[in-house]
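Chains as they are written, first to last, in full-length UniProt numbering: chain A, 1 to 216; chain B, 1 to 363. Each residue gets a CB set at the ideal place from its N, CA and C atoms; glycine is no exception. Notes for the one structure printed next.
So this is what it looks like as structure tokens:
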């Protein structure tokens with residue numbers, strides 16, 4: 001499909017294809033990190049992707065600023081771990097679900113301390129990158145909210161997906177190699193997570209994003 | 001939309017008899033239960049303004065966070081009251097005996113509720129989702145003016161159908177199956193289907209709640225109580241109405257939402273014939289080794305489907321309940337969608353399924 005004619009969404013079958021490509025890709029570029037796992041659903045043929053017990057060290061806002069100033073070359077395996085001097089250590093579980101309503105992936109997450117105690121929302125807020133904290137202030141109810149995990153029947157945090165299809169289209173249009181090739185769903189989740197992950201401080205290695213270019 | 005049907009729904013209410021949980025009673029004698037008529041389209045925590053003053057003198061000191069339970073099951077506040085009743089009371093119980101708590105919010109099971117604001121935004125976000133399903137974007141909801149947003153929510157709070165229609169018509173969420181949402185109504189109940197029987201294709205926002213009944217019972221009053229949300233499956237997937245002359249019933253819609261239970265036999269045979277050819281093409285055009293595995297799995301799952309099809313005994317639909325009504329499964333789905341939807345434009349369907357034991361592996 002041509003990117004120009006595409007609306008930025010994908011079908012549940014495409015999501016499945018994208019998920020497989022993404023887990024393989026992730027394994028290849030993040031051999032030291034836990035893998036994303038496909039969890040089949042109890043009732044329908046759909047499932048979701050899961051990455052659990054990821055340690056993200058909370059970065060205070062001042063520290064983030066310093067990172068930018070110093071322009072340090074990033075180490076090669078800096079996939080998800082943001083090294084900072086801040087003492088707040090918490091663990092994240094990330095799930096990527098498919099939304100049949102919006103026809104895009106949706107990120108669900110929860111956070112807890114080292115002892116397994118779930119983090120309260122105000123504590124998570126403190127750990128979130130500065131840009132997210134700002135958006136949160138402006139749109140408390142339409143950005144990240146606590147909602148029920150559709151497969152687990154438990155409260156999880158959810159990033160609202162209503163704008164996803166639009167910015168995904170822009171992302172594909174803006175990338176010359178993607179735009180030329182047509183819509184490659186294998187690349188969808190890497191591109192998507194490169195944006196969505198930033199909201200919660202989950203980083204994707206640059207090599208992973210460029211992978212599709214070398215594949216051509 | 002059929003005004004008369006909508007008016008009935010908006011006036012629908014459930015008589016509740018609400019008991020304060022014994023652990024929160026600090027007075028003797030304990031306060032008598034509160035009797036209250038709860039709108040079907042409303043949400044339980046909105047009753048707080050009546051219940052708090054009623055029970056406040058009996059409560060221990062502390063901060064109030066209201067939540068409800070039915071036979072030990074904490075009730076999800078974001079599901080409309082009428083849907084909870086339809087789902088959890090197999091045999092309608094009147095008055096419905098609920099227990100209210102003001103302490104000890106079960107935050108591990110229920111999402112937090114910060115009063116009316118949480119409920120309002122849950123409603124607006126659902127409306128946004130419905131708009132996206134219907135129109136492919138949610139701009140009309142996002143761009144709603146502040147006064148309109150307030151008026152829309154107020155209309156739901158107060159059960160004011162006229163005010164609701166005034167504001168919601170601006171959202172341009174045309175009715176399902178109508179060739180042109182602005183065209184005059186034919187006046188018949190089946191107005192969604194034009195004279196030639198043609199139905200416009202479209203997506204209908206649906207929230208489906210499925211209870212897989214394992215126990216055998218003949219009468220609904222003998223149904224065992226639902227004591228855990230894990231016994232229910234929740235499916236949030238739009239129903240796709242195909243265009244053309246085909247007559248699409250409520251039964252078709254329910255089956256389309258449960259593809260694992262209701263295998264479309266005509267489709268399976270067609271799939272079995274074409275899968276092989278597709279595979280060859282795709283494997284040869286892409287040399288990545290991953291793809292081969294994907295295809296293999298596709299094939300195995302297809303084999304499973306075919307096998308399942310031969311041995312398959314379809315589950316029995318024991319009950320389909322929408323807005324307290326148990327409609328005939330043969331009625332056109334577009335009528336159901338247009339007339340029985342909730343104010344956030346979702347159709348909430350409760351289904352009890354009796355799945356044959358042989359097929360346990362599928363559940």
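The closest CA to that of residue 22(B), considering only 226(B), 224(B), 99(B), 343(B), is found on 99(B). Annotation: residue 96(A) to residue 59(B) spans about 42 Å, alpha carbon to alpha carbon.
For residue 237(B), the closest Cβ of chain A is nearer than 7 Å.
Taking the Cβ atoms as the reference, residue 51(B) lies roughly 19 Å from residue 41(B), outside the contact range of under 8 Å. Per DSSP, the continuous beta strand (DSSP E) segment holding residue 105(A) begins and ends at 104-112.
Near chain A, meaning a CB-to-CB distance below 9 Å, the residues of the UniProt domain "Autophagy protein ATG5 UblA" (9-102) of chain B are 76, 78. Three or more Cβ pairs closer than 8 Å define a contact, and the stretch 96-110 of chain A meets that threshold against the stretch 44-54 of chain A.
Chain B has a Cβ within less than 7 Å of the Cβ of residue 155(A). In the three-state reduction of the DSSP assignment, residue 249(B) falls in the strand class. Identification of residues in the stretch 88-110 of chain A having a C-beta nearer than 7 Å to some C-beta of chain B yields 100, 101, 102, given in sequence order.
Under a criterion of Cβ atoms nearer than 9 Å, the residues of chain B adjacent to residue 150(A) are, in order, 234, 235, 236. Residues of the same chain with a CB within less than 6 Å of the CB of residue 323(B), apart from the 5 flanking positions on each side, are 9, 340 in chain order.
In this structure, the CA atom of residue 3(A) is about 27 Å from the CA atom of residue 29(A).
In the three-state DSSP reduction, residue 28(B) falls in the coil class, being neither helix nor strand.
Counting other Cβ atoms within 10 Å of its Cβ, residue 27(B) stays below 16 and is therefore classed as exposed. The stretch 139-146 of chain B makes no contact with the stretch 91-111 of chain B, as fewer than three CB pairs between them are under 8 Å.
Listed along the chain, the chain B residues whose CB falls inside 7 Å of the CB of residue 117(A) amount to none; the nearest CB is some 12 Å away. What residue 147(A) touches in chain B, judged by beta-carbon distance under 9 Å, is 78, 111, 122, 125, going in chain order.
For residue 356(B), the secondary structure class from DSSP, reduced to helix, strand or coil, is coil. Chain B places no beta carbon closer than 7 Å to that of residue 131(A), leaving this residue out of the contacts. Around the beta-carbon of residue 53(A), fewer than 16 other beta-carbon atoms lie within 10 Å, marking it exposed. The residues 167, in chain order, have a CB closer than 6 Å to that of residue 152(B) in the same chain once the five nearest residues on each side in sequence are set aside. The beta carbon of residue 259(B) lies closer than 7 Å to none in the same chain, with the five residues before and after it left out. Counting along the chain, residue 121(A) sits inside no beta strand (DSSP E); it lies in the alpha helix (DSSP H) bounded by residues 121-127.
Less than 7 Å divides the Cβ of residue 56(A) from the Cβ of residue 92(A). Three or more beta-carbon pairs separated by less than 8 Å link the stretch 223-238 of chain B to the stretch 79-96 of chain B, which places the two stretches in contact.
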